[in-house]
Structure formats: structure tokens, C-alpha cells
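Visitor: Quick one: the structure is below, and I'll ask about it shortly.
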């Protein structure tokens, strides 16, 4: 993984205060040692804050994002988490060079994105824009079904991919951006569903080893210790509601 | 849009009997005039059927798909609808050549995919793998919230993208794969939520004109008249439950 000397730092736009989908992008930028500005976490006096995010989001144009996260790289504006990683991967050596590996990496990333959406829906099953407290009975049903069938299916699939790729990484034997996302995925699931994940862990030894290895990468280890890392909390995708775990 | 003479026809793997996510891929293949085999709809005696799909899905390897649709192109196996279109687009002139347009097209496609998942969850809010009939009260809540806020937000965004791109297409002024998906999206929404879509239509004149234009493309018009086109029904993503419309 080599840092690329960018003409200007990337600008990452994401909601401050929660790791959310933005964190998958941050981990790639940090692993690459790429200079970036986390715009909404920058002081308002320096042109940052939520106001700067909303202003950029509201700008009408062909590349207008539907939602954060989005990344500015020079004149390019790229939205959708997996799309941003598709862009960053080849620029920072975070994906192999061959075509098959690139589509394979993106396929894994998109499947992780699907799983992340299903995690979100465990606490927001009936209305994305209403409070969890107003949809608790449906959330209990959704979380129960998620933990019983969907979570084991996704994790088992990821474990098989690691095994088939040589046993240590998701794409071949070197670090790629889906590995970073898998680390974040497991960290989030451990936070949200500690009981269920304790049970699942026996079945995903390779995925667990992969995630532990990502946490020890020098740049990632330094990042996780820094103030740039946002801890999980009850406003993000991964939330710990004990009544939804089992 | 020029057809590319492929060494072998593509092999598309998707559940037979429902348009689902596979239809977004079919529309691109049909618009390109690309030869393909719709494996699960092929006779079992010719190596097709659901058995062939399940066999391919169960094959363990690094590129193992999580779920259909997936496409075989020579030795490549590509899963995830948007990823397949990312692959097909440049090969068949269904996306502009410049980098910005390609990431822009993919961003739109991924946002359409998010909307498609939200449509699915209107009839499956609490358990992906249980019957609609067993989650009707939550479905009513989810559909109500979807039609009130999410659907207008997504469609309004798509309409603005068309306006900002020159008024006739989603990416610049020529046909690209997100246009084909937008056609299918509106067709599915019209089937599932005719009342809500009648209201929404006034606000999306450019998107409506775009979709009508796609339906008249010679290859697409011929496809829509053919037996290869699967009509919407109550087993797919877009289902018409009158009690969920309003």
C-alpha cells in the first residue's frame, strides 16, 4: 500500500458524530495514508461543519449526491460508499491490478453494503426517518429474523471467500479495501449484537483473524487510537439495543 | 450503442418466473444486442433450469456469488446487479468513456439499487425469508412511510439529475445503463403503487419522458414484446398489494 501524492487533499463529506457509512471510506483513506479533510468535522470557522456538508449536498448538478458519504477529488464528486472505494482502491494499491480481482472486490463490497443496510433495518424496520422507540415491536421481529438466518448466511459467505482466497484476505493474499470494510463490519456487529456475535465467532475463525490483522496494521492501529476515529454509538447504523440481541 | 462480438454468449443466472434484479441486467444485454443465455430459463435438458443456477451458486471459490443475479463472461463470474452493469457498460457503449461519467453512472445505479431494496422491504419489513401475509401490519407502516417521504425524495433526485444532465438522460445526452434501469424502476413502481405513482408523475416529467423513450428504442421495444420479457407478478420485488398503495 503506497500513498499517492495528491495535488490537493481529498474532501470527505459525512455526518459528524457517528461512524456510519463514512467510516468505511475513512478506513481506506487512513490505510492508504492519503491526505484528506473530514469536512463536516472541521470547524465552521475553517469552512467546515454540517452547514458545509448540507451546502455541498444541496448543490444541484449532474453529479449531485443522493446522500452522504461523498468524496471530492479535484473536480470529481463521487457518492455511494462502494463507489468511493471503487475509485480509491486502484489509486492507493488497495485492490489488485487485474480485472477479475477488481470486480470481485467490488462484489464483496456491495454485499457488505447490503448487510450493513440489513443491520440498519433491525432498528428501523418500518420507517427510516422515525425513531427506533416508535417501531420497537417490528424491530424485535426484524432483529430476530436477521440474527437467525441473514447474519449467519452473510458471515458464512465471507468466511468461505477468505478460505477460497488463500485463507488470510478477501481478495487474494494482500490487503484490499474489502478487508478494511470487513474489519469495520465485525467491529460494528460486536458492538450491536455481542451475544449473537459470540455464538457466530466460532464459525468465522478466518474472518476474525483477518479483522484482528487489519486492526494491527500500523496506520490503522494509529488511526484507531486517534481522535479521528468515531466510536460506535446509538445514532449510527450499528446500535446496541440489548433487547434486539439474543 | 454497438454490439460487441463476444467469444461466447454471456451466461446470466437469475431466478426464473420473476423480473427481479435480473431484469436490470437483461435490459442492458438487450439494449446492447449482446448474445446471452438466460441459464435458469433454459430447458433442463439443455443444461438449464433452477438446478443449473443452484449448482453454479453453490460452487465454492473466491468469486462465489452471495446471491443471483450473476453473470459469466468467459472465465469471469460477476455478481451484484450494479457490478454487472459496471462491467457491461463500457464493453457495449452503455456509458460514456470519461472517468467522471463512469463513476457518476455507477453512483446513480447504486442509488437505484437502494431504492429497489426499499421497495422490496415495503412488503417484507420484518423478515426477508417469511411470507408477506405474516408481516402485513408492519408492511402497511413501512409502505406508508416509503410513499410519504422516501419515494418522493428518490424520484425528485432522479428528476433533478436528468434536468442537470441536459434534460433527456441521466448521464449526459446519450443512452447509458442507468437510463435502462430507470425505465424498469418506473415500470415496477407503476405496477406496485399505481395510485401513488399517478400523484408522483406530475413532479417527474423528464424522468417519465426518459422512460418512455427507452421503451421505444428498437431493441428494447422488440424485447418488451418478446417472451424473454418477464411480466411483473406477486413473487418479485415490485408487487401490487392494493392495501399498501394509497
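Protein chains in written order, with the working numbering: chain L, 12 to 257; chain A, 12 to 257.
Where is the CB? At the ideal position from N, CA and C, for every residue including glycine.
#1: Would you verify that the beta carbon of residue 98/A is, or is not, closer than 8 Å to some beta carbon of chain L?
#2: To the nearest whole angstrom, what separates the beta carbons of residue 133/A and residue 255/A, a pair I think is in contact under 8 Å?
#3: Among the residues of its own chain, which have a CB less than 8 Å from the CB of residue 62/L, if the five just before and after it don't count?
#4: Determine which residues share a DSSP beta bridge with residue 81/L and list them.
#5: With residue 49/A as the anchor, note down where its beta strand (DSSP E) starts and where it stops.
#6: Using only the alpha-carbon positions, how far apart do residue 246/L and residue 144/A sit?
#7: Would you say residue 173/L and residue 112/L are within 8 Å of each other, going by their C-beta atoms?
#8: Just to make sure I have the definition right: I need the residues of chain L whose C-beta is within less than 8 Å of the C-beta of residue 50/A. Which are they?
#9: Roughly how many whole angstroms lie between the Cα atoms of residue 76/A and residue 77/L?
#10: Indicate whether residue 149/L and residue 136/A have their beta-carbon atoms separated by less than 8 Å.
#11: So what does DSSP say about residue 248/A, is it helix, strand or coil?
#12: Which class does residue 211/A belong to by DSSP, given the choice of helix, strand or coil?
#13: State yes or no: is the C-beta of residue 84/L nearer than 7 Å to some heavy atom of the ligand FAD?
#14: Between 90/A, 130/A, 252/A, which lies nearest to residue 64/A when the distance is taken from Cα to Cα?
#15: Span of the alpha helix (DSSP H) holding residue 192/A?
#16: Please confirm whether residue 90/A has its beta-carbon closer than 8 Å to some beta-carbon of chain L.
#17: Can you tell me whether residue 132/A is helix, strand or coil according to DSSP?
#18: Span of the alpha helix (DSSP H) holding residue 229/A?
#19: Measuring only between beta-carbons, confirm whether residue 94/A sits less than 8 Å from chain L.
#20: Using 8 Å for Cβ pairs, my map puts residue 82/L next to residue 21/L. What's the rounded Cβ distance?
#21: Please name the residue in 164/L, 154/L, 114/L whose C-alpha comes closest to that of residue 95/A.
#22: So, is residue 153/A buried or exposed, given that buried needs 16 or more other C-beta atoms within 10 angstroms?
#23: Check the Cβ of residue 73/A against every Cβ in chain L and list those closer than 7 Å, keeping chain order.
#24: Could you tell me the boundaries of the alpha helix (DSSP H) in which residue 30/L lies?
#25: Could you check which residue in 80/L, 242/L, 204/L, 194/L has the C-alpha nearest to that of residue 220/L?
#26: With a threshold of 8 Å on Cβ separation, who are the neighbours of residue 147/A within its own chain once the five nearest residues in sequence on each side are excluded?
#27: In chain order, what residues of the same chain have a beta carbon less than 8 Å from the beta carbon of residue 130/A, not counting five sequence neighbours either side?
#28: Taking DSSP as the reference, what is the three-state secondary structure of residue 115/A?
#29: Quick one: grab the DSSP three-state call for residue 181/L.
#30: Beta-carbon within less than 7 Å of residue 225/L's beta-carbon, same chain only, minus the 5 sequence neighbours each way: which residues are those?
#31: Should residue 132/A be flagged as near chain L, meaning a C-beta pair shorter than 8 Å?
Guide: Taking the structure as given:
#1: The sequence position of residue 98/A within the second chain is 87, counting from 1. Residue 98/A counts as touching chain L.
#2: As a working note, residue 133/A is residue 122 in the second chain. As a working note, residue 255/A is residue 244 in the second chain. At roughly 6 Å, the Cβ-Cβ gap stays under 8 Å, so residue 133/A and residue 255/A are in contact.
#3: On the first chain, residue 62/L is found 51 positions in, with the first residue counted as 1. Here the set comprises 55.
#4: Translated into the one-based positions of the first chain, residue 81/L becomes position 70. Per DSSP, 24/L, 90/L.
#5: As a position in the second chain, residue 49/A is number 38, starting the count at 1. Counting along the chain, the beta strand (DSSP E) containing residue 49/A begins and ends at 47–49.
#6: Your numbering for residue 246/L matches position 235 in the first chain. Your numbering for residue 144/A matches position 133 in the second chain. For residue 246/L and residue 144/A, the distance between alpha carbons rounds to 32 Å.
#7: Looking up residue 173/L in the first chain gives position 162. Looking up residue 112/L in the first chain gives position 101. No, they are not a contact pair.
#8: For this step, residue 50/A is matched to residue 39 along the second chain. In chain order: nothing, as chain L lies at least about 18 Å away.
#9: What you label residue 76/A is simply residue 65 of the second chain in a count that begins at 1. What you label residue 77/L is simply residue 66 of the first chain in a count that begins at 1. Using only the alpha carbons, I get a separation of about 27 Å.
#10: Mapped onto the first chain, residue 149/L falls at position 138. Mapped onto the second chain, residue 136/A falls at position 125. It is a contact, given that the beta carbons lie within the stated cut-off.
#11: As a position in the second chain, residue 248/A is number 237, starting the count at 1. Of the three classes helix, strand and coil, the one that applies to residue 248/A here is coil, per DSSP.
#12: One-based indexing of the second chain puts residue 211/A at position 200. Of the three classes helix, strand and coil, the one that applies to residue 211/A here is helix, per DSSP.
#13: The ligand content of the structure shown is nil, which means the ligand FAD is not present either.
#14: Within the second chain, numbered from 1, the residue matching residue 64/A stands at position 53. Of the residues 90/A, 130/A, 252/A, the one whose Cα lies closest to the Cα of residue 64/A is 90/A.
#15: For the purposes of this step, residue 192/A is taken as the residue at position 181 of the second chain. Where residue 192/A is concerned, the enclosing alpha helix (DSSP H) stretches over 188–203.
#16: Residue mapping note: residue 90/A aligns to position 79 of the second chain, counting from 1. Judged by the 8 Å Cβ criterion, residue 90/A is in contact with chain L.
#17: For the purposes of this step, residue 132/A is identified with residue 121 of the second chain, where counting begins at 1. In the structure shown, residue 132/A sits in a helix (DSSP, three-state: H, G or I).
#18: Your numbering for residue 229/A matches position 218 in the second chain. Here the alpha helix (DSSP H) through residue 229/A covers 229–236.
#19: Here residue 94/A refers to the residue found at position 83 of the second chain. Cβ-Cβ to chain L under 8 Å: yes for residue 94/A.
#20: Translated into positions along the first chain, residue 82/L becomes position 71. Translated into positions along the first chain, residue 21/L becomes position 10. Right, their Cβ atoms sit about 6 Å apart.
#21: As a position in the second chain, residue 95/A is number 84, starting the count at 1. Among 164/L, 154/L, 114/L, the Cα nearest to that of residue 95/A belongs to 114/L.
#22: As a working note, residue 153/A is residue 142 in the second chain. It counts as buried.
#23: Stepping through the second chain from its first residue, residue 73/A is reached at position 62. Within 7 Å Cβ-Cβ: 115, 172, 175, 176.
#24: By one-based count along the first chain, residue 30/L stands at place 19. Run containing residue 30/L: none; DSSP gives neither H nor E here.
#25: Taking the first chain and counting its residues from 1, one reaches residue 220/L at position 209. For residue 220/L, the nearest C-alpha among the options comes from 194/L.
#26: In the second chain, the residue the question calls residue 147/A occupies position 136. 254, listed in sequence order.
#27: By 1-based counting over the second chain, the position of residue 130/A is 119. Closer than 8 Å at Cβ, skipping near neighbours: 157, 199, 200, 203, 248, 249.
#28: In the second chain, counting from the first residue as 1, residue 115/A sits at position 104. Here residue 115/A sits in helix by DSSP.
#29: As a first step, residue 181/L is located in the first chain; it is residue number 170 there, counting from the start. If DSSP states are grouped into helix, strand and coil, residue 181/L belongs with coil.
#30: The residue you call residue 225/L lines up with position 214 of the first chain. Around residue 225/L: 190, 191, 194, 231.
#31: Sequence index remark: in the second chain, residue 132/A carries index 121 (1-based). It does: the Cβ of residue 132/A has a partner Cβ on chain L nearer than 8 Å.
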